[in-house]
Amino acid sequence: MIPALRKNFCRGIAAALLVATGTATAEELFEIRRIEVGGNTLLADDAVRRLTAPFVGPDKGFRDIQMALEALEGAYRAAGYTAVQVITPEQELTGGTLRLEVRETPVATVTVAGNRHFSEANIRATLPSLQEGKTPNARLLSENIQLANENPAKQLDVVLALSEKHPGQLDATVNVEDERPFRGFVNADNTGTRLTGRHRLGVGLRHSNLWDRDHTATFAYTGSPDKPDGTKVDIYSLGYRFPLYGIGDSIDLFYAKSNIDTPAAAFTLGAFENLTGKGELYGIRWNHYFQRRGEWSTKLIVGWDVRAIATTCTGPSGEKDYLKGLSAGCTPYTTRPLSATYAGTWQRPGVAGDFSAGLAYNLATGQHHEYSTVDGKTGNDRYSLVAGNRNTRDDFTVLRLGGSVSQLLPANWMARVAGSLQSSFRYPLPPAEQIGLSGAQTVRGFHERTVAADSGYVVNVELYAPDVAPLLTLPGNLRPLLFVDAARGYSYGMPTRDAGRTGTEPAGIMSAGLGLRYSYKKDVQVRFDVASVVDAGPAEDLSDASKTRNGDWLGHFNIVVGF
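Okay, structure coming up:
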């Protein structure tokens, strides 16, 4: 963090200003014909003249001089120059000219300390607003630090202090904590399905300082070690991030490809025996970081995604047929949402939180499909068929909100409340855009996305016990927890009990359970939860393969090991 640098300089206005006939009293008025400002190199001259113009004229007093000082200093602070001081040098007002002096407090030295894996040149390039001979801009420096700390292999902070060797200047120390920029990881979880294998095993590689410019590239592959015979599960992903330190922003590029084939035993609908679950996801994110304000760090994320879902069904002879009007799950489609999200974090002693609020608008292109809804509506568009023959919009809009709060309690207990919300503004959505209500990250005790909806919300309440690793003589940190999860969703245009009519179908599910969180340095992260279903909701009406009933138990685990 950057400590406050401002000191209460004694301006001594009454003692420093002498009028023509001697020392003026506080009640005495005089004329100020012009105000000269010396030492300014940061604000435009026109801006300085506009700021001081209201204090020029007859019948002025020391209060007007004080207000002129404060107006100038306020302008510097608003521009981010919090270390700048404005003073009134000793002078006479014989000619009606008031002189103000700006002390810009430049940086005398920059010292980089603690870096082992990142060069000093890299650290200095990370902070373009911190240079010897220049007055630091707190706003730009804050943005530089936030952006630099997005790098997973290094963290830094900057300490500014008045220089002992260079009076009127600052010494800057950049404290760095870093690690090897090239790392790998292995992860395992049970987020799969009965058809493709319950477990997932993945490996990834990441380099966080390509070209010595903080460019980060990540590659990951995920497969299924227990997939049924004849089933293919291959999921690849690539990510690339590069910072734009000159403007305090960063850009993310990403690509993912899923190739999942299931045999005849996994899917049978008439003569169509093979289901191929293929898809691609790629896109771009522009991240703009705002100046940190006290406890708050915020950013704006503008993105464009392309989600190409290529699920098809083939017959015994390999012929393709999309089963239009009969099986929306066999129809390829693509969504292209353009999104803007405002997100942030805040932290104070004993409590921390995060939030996000985003809006996505689909830029529809691609093939049209004929559809026919239960209530007799027909048409030809891109998504109504894949949304389950529900009348939707090609240019759909989705609102997404999220956040969490963690509160430290007495005896090192901790409570955490998290939630997410999605609204489709009462329009049906294609499956890829629906909110998932069930799974390891939402309502535990259910398999992944067995319950989803067009609009809905998820709430997680957790109570963490103190670290028990020392009691068990384990390295690292181990915390047990209790939790309650609940979700409710709404799907629109669904068939009702009245033949030929559609309506809104609500879905509510709930679970409770206990879990463990283990971590060892940055090398090992283990998450294990076991949940009992309190309210199975619509999951109780699914097929036997996915059916969930009240009282059922299900465990979720996720293990990540770095190397």
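Going by mature numbering (1 follows the signal peptide of the UniProt record, and there is no 0), the letters in the sequence shown line up with residues -26 to -1, 1 to 537, in that order. Ideal placement from N, C-alpha and C gives every residue a C-beta, glycine not left out. Note that this is a predicted model, so its numbers are computed, not measured.
Task: L114 and G222 closer than 9 Å at C-beta - done: Taking the sequence shown and counting its residues from 1, the one referred to as residue 114 is at position 140. Taking the sequence shown and counting its residues from 1, the one referred to as residue 222 is at position 248. Yes.
Open item on the list: Tell me the DSSP secondary structure of R23 in three-state form.
Closed with: Position 49 of the sequence shown holds residue 23. Here R23 carries a helix assignment [DSSP, helix/strand/coil].
Open item on the list: Quick check: E94 and Y263, are their CB atoms within less than 9 Å of each other?
Closed with: As a working note, residue 94 is residue 120 in the sequence shown. As a working note, residue 263 is residue 289 in the sequence shown. Contact flag unset, no.
Task: the region 68 to 83 / the region 97 to 107 touching (three or more Cβ pairs under 8 Å) - done: A contact exists between the region 68 to 83 and the region 97 to 107.
TODO: Indicate whether F457 and D428 have their beta-carbon atoms separated by less than 9 Å.
DONE: As a first step, residue 457 is located in the sequence shown; it is residue number 483 there, counting from the start. As a first step, residue 428 is located in the sequence shown; it is residue number 454 there, counting from the start. Their beta carbons are not under 9 Å apart, which means F457 does not touch D428 by this criterion.
Open item on the list: If I measure Cβ to Cβ from V391 and keep anything under 6 Å in the same chain, skipping five residues before and after, which residues do I get?
Closed with: Working through the sequence shown from its first residue, we reach residue 391 at position 417. For V391, where only same-chain residues beyond five positions count, the Cβ hits under 6 Å are V379, V435.
Open item on the list: With a threshold of 8 Å, are at least 3 pairs of Cβ atoms found where one atom belongs to the region 339 to 359 and the other to the region 312 to 321?
Closed with: Contact fails: fewer than three Cβ-Cβ distances are below 8 Å.
Task: Own chain, CB closer than 6 Å to L312, minus 5 neighbours either side, in chain order - done: What you label residue 312 is simply residue 338 of the sequence shown in a count that begins at 1. If the five residues before and after L312 are omitted, its C-beta is found closer than 6 Å to the C-beta atoms of W278, Y335, L337, all from its own chain and listed in chain order.
Task: CB-CB length for S198 against G171, believed under 8 Å - done: To locate residue 198, count along the sequence shown from 1; it is residue 224. To locate residue 171, count along the sequence shown from 1; it is residue 197. Contact between S198 and G171 holds: CB atoms are separated by about 3 Å, below the 8 Å threshold.
Open item on the list: Tell me the rounded alpha-carbon separation between Y431 and D368.
Closed with: By one-based count along the sequence shown, residue 431 stands at place 457. By one-based count along the sequence shown, residue 368 stands at place 394. Y431 and D368: Cα-Cα distance of roughly 23 Å.
Open item on the list: Looking only at its chain, what residues have a beta carbon closer than 6 Å to the beta carbon of L72, apart from the 5 residues adjacent to it on each side?
Closed with: Taking the first residue of the sequence shown as 1, we reach residue 72 at position 98. Excluding positions up to five away in sequence, the list reads I6, I9.
- [ ] Measure the alpha-carbon distance for T100 versus V325 and round it to whole angstroms.
- [x] Position 126 of the sequence shown, counted from the first residue, corresponds to residue 100. Position 351 of the sequence shown, counted from the first residue, corresponds to residue 325. Computed Cα separation, rounded: 29 Å.
TODO: Answer yes or no: do H343 and T305 have a C-beta to C-beta separation smaller than 9 Å?
DONE: Numbered from 1 along the sequence shown, position 369 holds the residue referred to as residue 343. Numbered from 1 along the sequence shown, position 331 holds the residue referred to as residue 305. Yes, these two residues count as a Cβ contact at 9 Å.
Open item on the list: Taking its Cβ as the centre, do 16 or more other Cβ atoms sit within 10 Å of G525, making it buried, or is it exposed?
Closed with: Translated into positions along the sequence shown, residue 525 becomes position 551. Exposed.
- [ ] Give the C-beta separation of H173 and D200 to the nearest angstrom, bearing in mind that I take them to be a contact with Cβ-Cβ under 8 Å.
- [x] Your numbering for residue 173 matches position 199 in the sequence shown. Your numbering for residue 200 matches position 226 in the sequence shown. Their Cβ separation, rounded to whole angstroms, is 5 Å, which keeps H173 and D200 in contact under 8 Å.
Task: Chain-order list of residues whose beta-carbon lies under 6 Å from that of Y296 (same chain, five-residue window excluded) - done: In the sequence shown, residue 296 corresponds to position 322, counting from 1. For Y296, the predicted model reports a pLDDT of 42, less than 50, meaning its position is unreliable; a value from the coordinates is still stated below. C304, T305, listed in sequence order.
Task: Cut-off 8 Å between Cβ atoms - residues of its own chain near L488, not counting five sequence neighbours on either side - done: Numbered from its first residue, the sequence shown carries residue 488 at position 514. When the five nearest sequence neighbours on each side are left out, the beta carbons in the same chain lying within less than 8 Å of the beta carbon of L488 are those of P454, L455, L456, F457, D503, V504, in order along the chain.
Task: Segment limits, beta strand (DSSP E) that includes I209 - done: Taking the first residue of the sequence shown as 1, we reach residue 209 at position 235. From DSSP, the beta strand (DSSP E) with I209 extends over 206 to 218.
Open item on the list: Tell me the rounded alpha-carbon separation between L16 and V22.
Closed with: Stepping through the sequence shown from its first residue, residue 16 is reached at position 42. Stepping through the sequence shown from its first residue, residue 22 is reached at position 48. Between L16 and V22, the C-alpha separation is close to 10 Å.
Task: Start and end residues, beta strand (DSSP E) containing N149 - done: Here residue 149 refers to the residue found at position 175 when the sequence shown is read from its first residue. Counted as a single uninterrupted DSSP element, the beta strand (DSSP E) harbouring N149 occupies residues 144 to 152.
TODO: Express the C-alpha separation of D441 and M388 in angstroms, rounding to a whole number.
DONE: Along the sequence shown, one-based indexing puts residue 388 at 414. Along the sequence shown, one-based indexing puts residue 441 at 467. Their backbone Cα atoms lie some 10 Å apart in a straight line.
TODO: Drop a sphere of 10 angstroms on the beta-carbon of T(-4), count the other beta-carbons inside from all chains shown, and report buried for 16 or more, exposed for fewer.
DONE: The residue labelled residue -4 in the question sits at position 23 within the sequence shown. With a pLDDT of only 45 at T(-4), under 50, the local geometry of the prediction cannot be trusted, and the value read off the model is given with reservation. That one is exposed.
Open item on the list: Measuring CB atoms only, is the region 148 to 165 touching the region 124 to 131, in the sense that at least three cross pairs come out at less than 8 Å?
Closed with: A contact exists between the region 148 to 165 and the region 124 to 131.
Open item on the list: Checking the sheet assignment: what are the DSSP bridge partners for G171?
Closed with: Within the sequence shown, the letter at position 197 stands for residue 171. When DSSP reads this structure, G171 sits in a beta bridge with T167.
- [ ] Kindly indicate which three-state DSSP category N524 falls into: helix, strand or coil?
- [x] What you label residue 524 is simply residue 550 of the sequence shown in a count that begins at 1. Here N524 sits in coil by DSSP.
TODO: Would you kindly check if the distance between the Cβ of N164 and the Cβ of F420 is under 9 Å?
DONE: Position 446 of the sequence shown, counted from the first residue, corresponds to residue 420. Position 190 of the sequence shown, counted from the first residue, corresponds to residue 164. The criterion of a C-beta distance shorter than 9 Å is not satisfied by F420 and N164.
Open item on the list: Given a cut-off of 9 Å on the beta-carbon distance, is the pair residue 541 and L375 in contact?
Closed with: Only positions -26 to 537 of the chain appear in the structure, and residue 541 is not among them; the question remains open.
- [ ] Kindly identify the DSSP beta-bridge partner or partners of R180.
- [x] Within the sequence shown, the letter at position 206 stands for residue 180. Beta-bridge pairing links R180 to R157, T192.
Task: Residues near K496 by beta carbon distance below 8 Å, same chain, minus five either side - done: The sequence position of residue 496 within the sequence shown is 522, counting from 1. Annotation for K496: E153, G536 place their beta carbon closer than 8 Å to its own, counting only its chain and skipping 5 residues before and after.
- [ ] Give the secondary structure of T308 by DSSP, where H, G and I count as helix, E and B as strand, and everything else as coil.
- [x] Within the sequence shown, numbered from 1, the residue matching residue 308 stands at position 334. Under the three-state reduction of DSSP output, T308 falls in the strand class.
Task: Best match in N14, S137, T272 for proximity to A119 [C-alpha to C-alpha] - done: As a position in the sequence shown, residue 119 is number 145, starting the count at 1. A small fix is needed here, since residue 119 is Ile in this sequence, not Ala. Residue T272 is the option with its Cα nearest to I119.
Task: Touch test, the region 355 to 371 against the region 398 to 407, Cβ-Cβ under 8 Å, three pairs minimum - done: Because the criterion of three Cβ pairs below 8 Å is met, the region 355 to 371 and the region 398 to 407 touch.
Open item on the list: On the DSSP letters alone, give me the boundaries of the beta strand (DSSP E) that I6 sits inside.
Closed with: As a working mapping, residue 6 is identified with position 32 in the sequence shown. It spans 4 to 6 - the beta strand (DSSP E) in which I6 sits, taken as one unbroken run.
- [ ] Quickly, what does DSSP pair residue 545 with across the bridge? List them, please.
- [x] What the structure shows of the chain is the stretch from -26 to 537, and residue 545 is not part of that stretch, so it cannot be assessed.
Task: L121 burial status per 10 Å Cβ neighbour count (16 or more: buried) - done: Reading the sequence shown from its first residue, position 147 is the one you call residue 121. Counting Cβ neighbours within 10 Å, L121 comes out buried, since at least 16 surround it.
Open item on the list: Here's the rule I'm using: 16 or more other beta-carbon atoms within 10 Å means buried, otherwise exposed. How should P323 be labelled?
Closed with: Sequence index remark: in the sequence shown, residue 323 carries index 349 (1-based). By the neighbour-count criterion, in which 16 or more other beta carbons inside 10 Å mark a residue as buried, P323 falls on the exposed side.
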